[in-house]
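According to the working numbering, the sequence shown is numbered sequentially starting from 7.
Glycine included, every Cβ here is placed at the ideal spot set by N, Cα and C.
Just so it is clear, the structure is predicted and the values come from calculations on it, not from any experiment.
I have placed the structure first, in the form of structure tokens, so that the comments after it can refer back to it.
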Amino acid sequence: MKKKGLCAHFGPNSSQTEINSIMENMRRLKVYEKKSWDLQVRKTELEGAHIQPTDPALQDTVSKLQEANKEMSNIRDIIARQKTIKGLWIEATPAYERKEALVAALETNLRQLCA
Numbered sequence: 007m008k009k010k011g012l013c014a015h016f017g018p019n020s021s022q023t024e025i026n027s028i029m030e031n032m033r034r035l036k037v038y039e040k041k042s043w044d045l046q047v048r049k050t051e052l053e054g055a056h057i058q059p060t061d062p063a064l065q066d067t068v069s070k071l072q073e074a075n076k077e078m079s080n081i082r083d084i085i086a087r088q089k090t091i092k093g094l095w096i097e098a099t100p101a102y103e104r105k106e107a108l109v110a111a112l113e114t115n116l117r118q119l120c121a
């Protein structure tokens, strides 16, 4: 399906600068998503330990989580705008997305069976 061009990809007339820019933003988004996930886990652990809401560790974690979420939102907006540049980004077909979701579900099932 990838060889047929059914997955999301850059258009044939995209400049290397545009491609590099959107790829860098996608990389940054993944970094902030991981950071946000880690902070959310930390916040949940602190709350589970019955830490008071006024505790500096919890307040610091919440503050960092809010900051990471704002940054993620900004980067998502930038990527969405970049994808609207005519000919730069071609979205995947619905059939490809369904197959991709099916593969992910099967991989998850396989990991659970092997664990």
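- Query: If you run the structure through DSSP and keep just helix, strand and coil, what is I28?
  - Reply: Locating residue 28 in the sequence shown gives position 22, where the first residue counts as 1. Of the three classes helix, strand and coil, the one that applies to I28 here is helix, per DSSP.
- What separation, rounded to the nearest whole angstrom, lies between the Cα atoms of K43 and V68? Taking the sequence shown and counting its residues from 1, the one referred to as residue 43 is at position 37. Taking the sequence shown and counting its residues from 1, the one referred to as residue 68 is at position 62. Inspection of the sequence shows that residue 43 is occupied by Trp rather than by Lys. So the two alpha carbons sit approximately 12 Å from each other.
- Message: Check for me: the alpha helix (DSSP H) holding K89 runs from which residue to which?
- Response: Here the question's residue 89 lines up with position 83 in the sequence shown. Start and end: 62-89.
- Task: Check the DSSP bridge columns for H15 and list the partner residues they point to.
- Result: The residue given as residue 15 occupies position 9 in the sequence shown. Looking at the DSSP output, H15 sits in a beta bridge with I96.
- Message: Please report the distance separating the alpha-carbon of E24 from that of L94.
- Response: For the purposes of this step, residue 24 is taken as residue 18 along the sequence shown, with counting starting at 1. For the purposes of this step, residue 94 is taken as residue 88 along the sequence shown, with counting starting at 1. Near 8 Å, if we compare the C-alpha coordinates of L94 and E24.
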